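**Student:**
Numbering (mature numbering (1 follows the signal peptide of the UniProt record, and there is no 0)), first residue to last: -19 to -1, 1 to 337.
#1: Quick check: what's the CA-CA separation for residue 57 versus residue 27?
#2: Is the number of C-beta pairs between the stretch 86 to 93 and the stretch 14 to 30 that are closer than 8 Å three or more?
#3: Would you list the residues sitting across from residue 157 in a DSSP beta bridge?
#4: Please classify residue 149 as buried or exposed, where buried requires at least 16 neighbouring CB atoms within 10 angstroms.
#5: Exposed or buried, what is residue 137 when buried is set at 16 or more other beta-carbons lying within 10 Å of its beta-carbon?
#6: Apart from the five residues on each side of it in sequence, which residues of its chain come closer than 7 Å, Cβ to Cβ, to residue 170?
#7: Rounded to whole angstroms, what's the CA-CA distance from residue 266 to residue 53? Just pull it up for me.
#8: Whose C-alpha, out of 180, 183, 247, is nearest the C-alpha of residue 206?
#9: Which word fits residue 116, buried or exposed, when buried means at least 16 other C-beta atoms lie within 10 angstroms of its C-beta?
#10: Would you identify the three-state DSSP class for residue 169, choosing helix, strand or coil?
#11: Can you give me the C-alpha to C-alpha distance between residue 319 and residue 50, rounded to a whole angstrom?
#12: Just to confirm before moving on: does the CB-CB distance between residue 20 and residue 64 stay below 8 Å?
#13: Rounding to the nearest angstrom, what Cα-Cα distance links residue 7 and residue 46 in this structure?
#14: Let's test the definition: count the other Cβ atoms within 10 Å of the Cβ of residue 297 and tell me whether it reaches 16, buried, or not, exposed.
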């Protein structure tokens, strides 16, 4: 028996059953559903098919609800890249639709949507005060370069444009540490810059020159900035950088065997960093000077790892499985000690986990 094909069939049937069950619950007295406490799974959907979705998982009961935000076509839209919260709102960033859907953060009902010509392939949103900073790749050039990447600044309440910060190619993740906004520029592994932006005047304060492909950004318990670089495909290895977030001095540079994904997370105590290379998940202490030789978790049951994050309350480690990027995905959960805990069906290509 082809096990992968068998499992994909089971996942597909489970997804249908879950969707039908949820629709039945919706019709029973139209009970109010609240998604304020639990885990959100952000599913990209099949590329150019408009099937991006948001799922909700309750870690206390093990129950999940599929597709909690729906447009007129029954989905969130094309390539749901990320979600960010602001007060009672959720910003759903749709990379394929060039749009930000705004939903109520409690019940995920639609409030409004924002689109503009400059919002071409948006990636992530970072809130600073009442401003929403949006990383935008911009249009491809004739040579498939990303020469017009920006960080767009919006009023988080009205979505009115306030400013445009021009960046290097392929602006990706954004992280605000309470003083500065850090923006990684990946360009498919061909950029090496992390910009430091002062949100008081939206000026570029500093440029961190790292190695090829900076992507994931996290802050540890000592308020140090960690950046993972993915390397250039088949040419250069990835690296981990520990950076003083005040002086911008590179305090540690750690070479990683192979080419890691852009995923980067801290454990619950923020004294360890987790990253992924292929199906192997590694854990490194924030005071380490070299990469671990052995993997912390070998996610051998995961067909195509696609996301990584850690629940700050429990320390549980979540790994997304995109399967073939066209059929239902799966979420694998490991305990803080690395042992397998459980798994459940998700939408297509689970790419982000948000813990509330």
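Positions of the beta carbon are idealized from the N, C-alpha and C atoms, including for glycine. On a predicted model such as this, the values are computed, not experimentally measured, just so you know.
**Tutor:** The structure says:
#1: 12 Å
#2: yes
#3: 162
#4: buried
#5: buried
#6: 193, 194, 211, 212, 213, 214
#7: 47 Å
#8: 247
#9: buried
#10: helix
#11: 32 Å
#12: no
#13: Model confidence at residue 7 stands at a pLDDT of 39, short of 50, so the residue's coordinates are unreliable; what they give is reported in the following sentence. Using only the alpha carbons, I get a separation of about 11 Å.
#14: buried
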